[in-house]
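For the sequence shown, the positions run 1 to 397 when my numbering is used. Down below is the structure, laid out as structure tokens.
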Amino acid sequence: MNYNKKTILDVDVHGKKVLLRCDFNVPQDKETGEITSDKRIVAALPTIKYLLENGAAVIACSHLGKPKGEWKTKLSLAPVAKRLSELLGKDVIFAKDVIGEDAQAKAAALKPGQILLLENTRFHIEEEKNDPAFAKKLASLGELFVSDAFGTVHRAHASTVGVVDYLPAVSGFLVAKELEIMGKALDDPKRPFVAVLGGAKVSDKINVINNLLEKADTVIIGGGMAYTFAAAQGGKIGQSLLEADKESYALEMIQKAKDKGVTLLLPTDTLAAKEFSADATPVTVDTMAIPDDMQGLDIGPKTTEAFCAAVKGAGTVVWNGPMGVFEFDAFAGGTRAMAKALAESGAITIVGGGDSAAAVEQLGFADKITHISTGGGASLEFLEGKELPGVACLQDK
Ligand code: AMP
Numbered sequence: 001m002n003y004n005k006k007t008i009l010d011v012d013v014h015g016k017k018v019l020l021r022c023d024f025n026v027p028q029d030k031e032t033g034e035i036t037s038d039k040r041i042v043a044a045l046p047t048i049k050y051l052l053e054n055g056a057a058v059i060a061c062s063h064l065g066k067p068k069g070e071w072k073t074k075l076s077l078a079p080v081a082k083r084l085s086e087l088l089g090k091d092v093i094f095a096k097d098v099i100g101e102d103a104q105a106k107a108a109a110l111k112p113g114q115i116l117l118l119e120n121t122r123f124h125i126e127e128e129k130n131d132p133a134f135a136k137k138l139a140s141l142g143e144l145f146v147s148d149a150f151g152t153v154h155r156a157h158a159s160t161v162g163v164v165d166y167l168p169a170v171s172g173f174l175v176a177k178e179l180e181i182m183g184k185a186l187d188d189p190k191r192p193f194v195a196v197l198g199g200a201k202v203s204d205k206i207n208v209i210n211n212l213l214e215k216a217d218t219v220i221i222g223g224g225m226a227y228t229f230a231a232a233q234g235g236k237i238g239q240s241l242l243e244a245d246k247e248s249y250a251l252e253m254i255q256k257a258k259d260k261g262v263t264l265l266l267p268t269d270t271l272a273a274k275e276f277s278a279d280a281t282p283v284t285v286d287t288m289a290i291p292d293d294m295q296g297l298d299i300g301p302k303t304t305e306a307f308c309a310a311v312k313g314a315g316t317v318v319w320n321g322p323m324g325v326f327e328f329d330a331f332a333g334g335t336r337a338m339a340k341a342l343a344e345s346g347a348i349t350i351v352g353g354g355d356s357a358a359a360v361e362q363l364g365f366a367d368k369i370t371h372i373s374t375g376g377g378a379s380l381e382f383l384e385g386k387e388l389p390g391v392a393c394l395q396d397k
């Protein structure tokens, strides 16, 4: 995939009505609807401010949650408009619909330096279906499309891809940064390139493991998925997570690493427990000989040391997926040590979205990481080497 896409710096935005796809899919309190973290709104500010300060009129749009084509008051973007207005220190005009009369009238009246936020794009079932008529109407509100919602670029929806049939399209600063950093790490990494993969399931990461074995010098596999690799090699893994139908794939990957000369590191010891619980007592056991009544919930001390040593000498580290059940303090040690190793490595460090990003933030290492991706699914597909439709459709440089 070509990551070298035009950005807002490569086009003249002055006097233009810019349709800006943001990621305002903010977490909300289930009861009150209150925004519990405005991080995504804050992250959108540089692009918005640049556009407004450079004479554009911004028509922002986003999805929020999964309304599946229904108009759900709880998933209205009105609270986002309010918070965005506070953060920008200026009025954010809010449209009561997405492509309806209100949106059209407000978009038509919008002046340079003003910003309008449309209602939740997913209130229309046509959004996720990438319906051309809906995309055309949405596109008709603006003259230039700016994609800045990295979290949804792996989805070919009307507001991420469909509108590009009708408007010139470039990236905003957030998407540009993701492409620059992750694209470079995959295409031309500073070596040694170490990939750290964890999380629950092998099946979720099959293509990531496969792709990174083509690119990395060392691949580290921890988390629940490591036990399928142990079982595949004849290990006894007790009650640990197992995907029996992925054992042959695990063996294939072990062989692929050998063929490619890639160092594949798997856990040698494990912190196991009798129950899957925060209060369970951790016991260190051999990963290949986990007692029948126990399950592996974190990497053990020897493994932690070996994994962290591999990260220490790296030029580039990409990390996706926790090393254990980090939600339980007693089993967060491996993930915590890995976060610290990345933070102290001096390498270019990239953390995929989702759980590993949450872990790095929760453990207080976020500011020492080169780049924390804003997209969980999107960054996973990036690491898989898949073409991201919301990126592919943007203009090449
Ligand atoms: P993923 O979404 O695939 O990155 O998986 C993240 C989840 O994997 C987290 O909720 C972890 O608690 C879970 N996980 C990591 N290691 C283990 C393990 N050894 N056993 C069970 N769950 C695990």
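The C-beta atom is built at its ideal place from N, Cα and C for all residues, glycine as well.
Would you decide whether residue i is buried or exposed? Buried here means 16 or more other CB atoms lie within 10 Å of its CB.
i	result
S147	buried
S37	exposed
E381	buried
K96	exposed
R336	buried
R155	buried
H14	exposed
F276	exposed
R122	buried
K246	buried
S240	buried
N4	exposed
G235	buried
K106	buried
V175	buried
D293	exposed
P67	buried
N130	buried
E119	buried
G151	buried
L179	buried
G401	Any property of residue 401 remains undetermined from this structure, which presents the chain solely from 1 to 397.
Where residue i and residue j are concerned, what is the direct C-alpha to C-alpha distance, given to the nearest angstrom?
i	j	result
G238	R40	41 Å
D286	A185	34 Å
S85	G222	43 Å
A310	G376	25 Å
T160	A78	21 Å
V360	Q104	42 Å
E344	M338	10 Å
I125	A273	46 Å
K72	K30	13 Å
A257	L213	6 Å
T374	G183	15 Å
P168	F328	48 Å
N25	S76	11 Å
E128	K386	20 Å
L297	R83	40 Å
S262	T268	The residue asked about is misnamed: residue 262 is Val in this sequence, not Ser. V262 and T268: Cα-Cα distance of roughly 18 Å.
S356	K397	32 Å
P399	A314	This structure gives no information on residue 399, because the portion of the chain shown stretches from 1 to 397.
A411	V283	It is not possible to answer for residue 411, since the shown part of the chain is limited to 1 through 397.
G162	L266	43 Å
G390	A378	10 Å
A330	Y249	31 Å
M253	L383	16 Å
E53	L45	12 Å
G352	L141	34 Å
L20	I59	6 Å
P112	G33	32 Å
Check each candidate in the options and name the one with the smallest Cα separation from residue i.
i	options	result
F326	L363, G313 and K340	L363
I220	G65, A339, L118 and A306	A306
I299	A60, L144, A230 and V194	A230
Q395	T349, P46, S248 and V164	V164
P322	A314, F134, K340 and P132	K340
Q255	A280, P389 and I209	I209
K6	L144, Q295 and I206	L144
A149	C22, P27 and G65	C22
E243	A56, A200, F94 and S373	A200
K302	T270, V92 and M294	T270
T47	F94, H157 and F173	F173
A347	A195, T152 and K49	A195
D204	P189, M225, P112 and V283	M225
Y166	P192, T152 and L138	L138
A216	F134, G198, T316 and T268	T316
A158	F134, A357 and I115	F134
### Runs of beta strand (DSSP E) wholly within the region 316 to 378 (minimum 3 residues, chain order)
316 to 320 and 348 to 351
#### Entry: Continuous alpha helix (DSSP H) assignments of at least 4 residues falling wholly in the region 60 to 97
78 to 88
### Query
Where are the beta strand (DSSP E) runs, 3 residues long or more, that stay fully inside the region 97 to 157, in chain order?
115 to 117 and 144 to 147
### Task
Can you check the region 241 to 276 for any beta strand (DSSP E) of at least 3 residues that lies completely inside it and give the ranges in chain order?
263 to 265 and 269 to 273
### Task
Could you name each continuous beta strand (DSSP E) segment of 3 residues or more that falls completely within the region 205 to 231, going from the start of the chain to the end?
218 to 221
### Query
Can you give, in chain order, each stretch of the beta strand (DSSP E) that sits fully within the region 270 to 309 and has at least 3 residues?
283 to 286 and 295 to 299
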